[in-house]
């Protein structure tokens, strides 16, 4: 409270400057910083998602290549030439089978550049090598593991082999035992299909500008494929990432780390059906460079908005605050008794009108002072005039009752009956000033109203009122049906010389009270009905009262009928317990 009192003592320009900083400049700066941070995060997330998508593509390329090699090994199991070669002990026959096998192998070596060599070896010592001419290489470690699988596919890790000229290549190899088709427990030999690691890496198409490096690792964290052959076959240098891949157990892994004060994100995805994982490293700072244009746009926006805000501040001061200060200075002169004070009025806005009235006030004060208050203040005489007289409703009801008995005493039975009906109708409409009435009384009120109309129209009017006995005690808004009847009689039968039929029915449907008013007049379409609800007093009044009392659960609608006429339906919740206080709170009077 003290702070508010202190603020109220500030000059107007300081108040406006404070509010401008608090409500315009600071929120604008905060919003701009927020937008920048959100844009930065969004770009980084999008970059990581793009990396994942690219890794999936490379994953699929590598998986396709590996699947092709596995399909070749599967074909070899069922190849009669290969099985015959592995079973043959005759050099002549072996040479014949070798020529046939060589054609098959050369086709795949030619069509798949990443294939290094294919070796077939039986357990009698015969061996056939196709592709790169190999020197002496010890591959017993991998062969022993493949023999233990008894015909299942085994993929080795990356290792080095030498050709016959001593040149070293990094390869990964598929090993598979080929069993006798007639006896799967009897092994005929083994096939080894070697893939050149460098060429296989190129087949993955690792070309994505936001990826710093791409690795293919095994589940133990050893490098299988990489652009640098020196890393192949060695453990991945980042222990934390290798550990995360091991703990991932074949699921995708995403990990943030920092190296040389640079933030990176590592994204790894498994290659289905193998123990291999594709790993991509993303430099977050390079990704952030992608939003430099956004940063510049935000900066320009901040400068422009700040400039516009300052111009608005200066303009507001010049055209409003300065004029108010001039007016305040002139009032000080009047306070000191200087009635020559005057404000220059150059506009017709509120401040201009205030200045104009100030000038008139000063002229008036000057006139009063110059005449030394010679004007006498006359005493005002006030007369209370009775503008209107109100008739007590109960007095009117009692008077009607007295007239009815007078008519009976004078043997005017028909007149007495009409007065009695009018009295009853008036009593129902009063309802002790309450807005709610039972459906039974509401229908009685409308029956009397229709009987009065029938007295006027004679045989030209016929009406029927139907009510389900279950809803007789339901509460409704009073005088809700009568305006619909009146509209029907006044407007529904214009230019029609027919007997007017009005049908009213009330019933219960799914805890909703339904009231239908149907006639055989001209009727109207849905558009005219909607216009009538918006502009017509009677329908608009009913619709407004229903919405106020029941909300959106109540409405007044038009129903389509085949025959001429109108069918208006009122729908609202059924209730026998009057929550009058609740309704009055809603505004139903």
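Numbering (our numbering), first residue to last: 2 to 590.
Every residue gets a Cβ at the ideal spot worked out from N, C-alpha and C, and that includes glycine.
- Going by C-alpha positions, residue 461 is about 11 angstroms away from residue 503.
- In this structure residue 219 is in contact with residue 276, their Cβ atoms being roughly 5 angstroms apart against a cut-off of 8 angstroms.
- Of the other Cβ atoms in all chains shown, 16 or more fall within 10 Å of the Cβ of residue 191; this residue is therefore buried.
- Per the Cβ contact rule, the segment 333-352 is not in contact with the segment 63-75 (fewer than 3 Cβ pairs under 8 angstroms).
- Here the alpha carbons of residue 320 and residue 352 stand approximately 10 angstroms from one another.
- Non-local C-beta neighbours of residue 82 in its own chain, meaning closer than 7 angstroms and more than five positions away in sequence, comprise 98, 101, 102, ordered along the chain.
- Here DSSP, grouped into helix, strand and coil, assigns residue 305 to helix.
- The closest CA to that of residue 62, considering only 157, 271, 425, 507, is found on 271.
- With a beta-carbon spacing of about 6 angstroms, residue 132 and residue 117 fall inside the 8 angstroms limit used to define contacts.
- In the three-state scheme derived from DSSP, where H, G and I count as helix and E and B as strand, residue 156 is classed as strand.
- Under the three-state reduction of DSSP, residue 72 is assigned to helix.
- For residue 437, the enclosing beta strand (DSSP E) has its first and last residue at 437-439.
- When DSSP reads this structure, residue 568 sits in a beta bridge with 519.
- Counting the other CB atoms within 10 Å of its CB gives residue 147 a total of 16 or more, which places it among the buried residues.
- Cβ contact annotation for residue 344 (same chain, cutoff 7 angstroms, sequence separation greater than five): 327, 328, 331, 356, 359, 360, in chain order.
- Annotated three-state conformation of residue 560 is coil, per DSSP.
- Judged by DSSP in its simplified three-state form, residue 190 adopts strand.
- Taking 4 residues as the shortest admissible run, the segment 112-185 contains the following complete alpha helix (DSSP H) segments, listed from N- to C-terminal end: 141-150.
- Under the 10 Å beta carbon count, residue 31 is surrounded by fewer than 16 other beta carbons and is classified as exposed.
- Closest by C-alpha distance to residue 223, out of 215, 217, 213, 236, is 236.
- DSSP places residue 229 in the coil class of the three-state scheme, outside both helix and strand.
- Looking only at 54, 122, 73, the smallest Cα-Cα distance to residue 86 is reached by 122.
- For the pair residue 506 and residue 470, the Cα-to-Cα distance works out to about 11 angstroms.
- Bridge pairing for residue 255: 268 [DSSP].
- Of the other Cβ atoms in all chains shown, 16 or more fall within 10 Å of the Cβ of residue 450; this residue is therefore buried.
- Shown here, residue 341 sits in coil according to DSSP, grouped into three states, outside any helix or strand.
- Ranked by Cα distance from residue 257, the options 267, 248, 263 are led by 267.
- With fewer than 16 other CB atoms across the displayed protein chains lying within 10 angstroms of its CB, residue 302 is exposed.
- Note on geometry: alpha-carbon atoms of residue 566 and residue 560 lie some 10 angstroms from one another.
- As the crow flies, the alpha-carbon of residue 130 is around 44 angstroms from that of residue 284.
- Residues of the same chain with a CB within less than 8 angstroms of the CB of residue 265, apart from the 5 flanking positions on each side, are 213, 257, 258, 259, 282, 283, 284, 285 in chain order.
- For residue 279, DSSP records a beta bridge to 217, 270.
- With respect to the 7 angstroms criterion, residue 493 and residue 517 are not classified as neighbours on the basis of their beta carbons.
- Taking the Cα of residue 428 as reference, the smallest distance to any Cα among 193, 541, 442 is reached at 442.
- Going by C-alpha positions, residue 72 is about 11 angstroms away from residue 154.
- Contact between residue 557 and residue 571 holds, since their C-beta atoms are separated by about 5 angstroms, short of 8 angstroms.
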